[in-house]
Amino acid sequence: MSPHRFQQVVVGRAFTVAVTADGAAFSWGDNSLGALGNGDRSRQRGPVAVALPEGVGVTWLSAKWGTVFALGSDGQVYAWGDNSFGQLADGTIQASATPVPVTLPPGVRVVDVDAGHWHTLALSSAGEVYAWGDNSGGQLGAGTTDEQDGPVAIQVGGGQTVTRVSGGGMHSLALTRSGAVYAWGDNSYGQLGDGTTKARTRPVAVRLPNLAVFVQVAALANASLALAADGRVFAWGDNAFGQLGDGTTVGRPLPVQALLPSRLEICEISGGSVHALALDTDGGLHTWGHCHAAQRGASVLGDRSVPVQVGTPAGMAFAHVSAGFAHSAGVSAEGRLLSWGADWAGQLAGEMLPVRPGPTTGPDASIKDATVLPLGPRAVAAGSARPRVEEPSRWVYVGREVKTAVS
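And the structure:
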């Protein structure tokens, strides 16, 4: 039996959640607020199955701090974990250790969801943005900093169609179909990119280069990133740890270009709390910002204000990456999963070491750095009478070697 392919991984403050190509979701690490979604609050060193409703698989995941969101194969948005600010949109402020359906306005079908630290953004099939959770910085975009009773609709750019959303610490980003970027919420560090440090309770246009068309946005805790169609990365906001990648530690209220090599074409960006990851079209991984726990990679300890390439196991190319608070993770083109950085809560599913080094080119790198995941989990189609996930009796290092464990 061979291990399943993984298609996505997301990392929270001290936990990791991954979904297989057939929709099975697994999680590990800190579980004090139920972020693993397995029905209890105990820390997990190894992956456990997320307790989604029977017959429901996952098509998309999002997490940034303590709450996890999943788009289900049934079209429903599910959430679990921290609910201190009503992030679960279930009418309570009680954390949940199992997935609960998010209550959205009637007729709204969500196609994208992104978790901020304590608020959430959702994108409907009609290109409309909905937001809920913490609103102390105006990050819900409703024209006020008052608490909101459940998801509220946001007008972006006079009603423009939105294609991507991203939530940060206390600010939000949206990308429109025309390739423009809008931001709202706290602006103490210039993270809205409008040239000021004035908070905005409604979306304002980010002052990006006029001739560039943007295809992705990513919010850090107090900074923002935008990826242009030509592969350039622009950044603005807090830069105390070099997280803008412009070679300085000077905060920027207007976008500056990250100093990636001109020959590279970046195809994906991910914003952690105070570090960033970028993936190029060849599967190479690049990083910059804070690195107190090797979350950027073993060879790049210490803060970096200029992007550096992370060495990976020989022959490995990444297809997807996720930056968190003190650890990071990625899925290879073959569907294998690697994670690196801090492991104080078992978020790497490793040996509970204080810090696990990042991908390197050493001969055993794909073994020592690979996350231990179940061998052969399988989602069951909707309508089946069988349980959604059949638990395996063995575990595999999703790398070069298989390791057998007692069931």
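Position one of the sequence shown corresponds to residue 419 (my numbering), numbered consecutively onward. Every residue gets a Cβ at the ideal spot worked out from N, C-alpha and C, and that includes glycine.
Using DSSP with H/G/I as helix, E/B as strand and the rest coil, what is Arg620?
Strand, per DSSP.
Put Val468 into one of helix, strand or coil per three-state DSSP.
Correct three-state label for Val468: coil.
Beta-carbon within less than 8 Å of Thr615's beta-carbon, same chain only, minus the 5 sequence neighbours each way: which residues are those?
Only Asn605, Ser606, Tyr607, Gly608 and Pro671 meet the Cβ criterion.
For the region 485 to 560, list the beta strand (DSSP E) runs that are entirely contained and at least 3 residues long, ordered along the chain.
Runs of the beta strand (DSSP E) inside the region 485 to 560: 485 to 490, 495 to 499, 514 to 519, 528 to 533, 537 to 542 and 547 to 551.
For a quick check, are the C-beta atoms of Val570 and Trp550 less than 8 Å apart?
Yes. Within cutoff.
Three-state secondary structure (DSSP) at Trp602?
Reduced to three states, the DSSP call for Trp602 is strand.
Roughly how many angstroms separate the alpha carbons of Phe433 and Ser757, rounded to a whole number?
The alpha-carbon atoms of Phe433 and Ser757 are separated by roughly 11 Å.
Specify, as a first and last residue, the run of the beta strand (DSSP E) that Thr434 falls within.
Per DSSP, Thr434 belongs to the beta strand (DSSP E) from Phe433 to Thr438.
Quick check: Val631 and Leu643, are their CB atoms within less than 8 Å of each other?
Not in contact: Val631 and Leu643 (Cβ atoms no closer than 8 Å).
Buried or exposed, going by whether 16 or more other CB atoms sit within 10 Å of the CB of Asn501?
Looking at its Cβ environment, which holds 16 or more other Cβ atoms inside 10 Å, Asn501 is buried.
Of all the beta strand (DSSP E) runs that stay within the bounds of the region 671 to 703, which reach a length of 3 or more residues?
Counting only runs of 3 or more, we get 684 to 689 and 693 to 698.
Could you please give the first and the last residue of the uninterrupted beta strand (DSSP E) stretch that includes Ser596?
Run containing Ser596: none; DSSP gives neither H nor E here.
Could you tell me which residues DSSP pairs with Trp706 in its beta bridges?
The partner list for Trp706 (beta bridge, DSSP) reads Ala694.
Less than 7 Å between C-beta atoms, sequence neighbours within five positions excluded: which residues of the same chain meet that for Arg459?
Asn449, Ser450, Gly452 and Ala515, listed in sequence order.
Between the alpha carbons of Leu506 and Glu683, how many angstroms are there, rounded?
Distance between the alpha carbons of Leu506 and Glu683 is about 37 Å.
Please state whether DSSP places Phe743 in a helix, a strand or coil.
It is coil, neither helix nor strand.
What number of angstroms, rounded off, separates the C-alpha of Glu769 from the C-alpha of Gly464?
Summary for Glu769: the model assigns pLDDT 40, below 50, so the residue's position carries little reliability; its value from the coordinates is reported in the next sentence. For Glu769 and Gly464, the distance between alpha carbons rounds to 10 Å.
Quick check on Thr510: buried or exposed, where buried means 16 or more other Cβ atoms within 10 Å of its Cβ?
When all chains shown are included, Thr510 counts as exposed.
For the beta strand (DSSP E) holding Val728, just list the boundary residues, first then last.
Counting along the chain, the beta strand (DSSP E) containing Val728 begins and ends at Arg722 to Val728.
Under the three-state reduction of DSSP, which class applies to Lys786: helix, strand or coil?
Residue placement at Lys786 is flagged as unreliable, the pLDDT there being 30, under the threshold of 50; the coordinate-derived value follows with that caveat. Residue state, collapsed to three classes: helix.
Using the Cβ count rule (16 or more neighbours within 10 Å means buried), how would you classify Gly577?
It counts as exposed.
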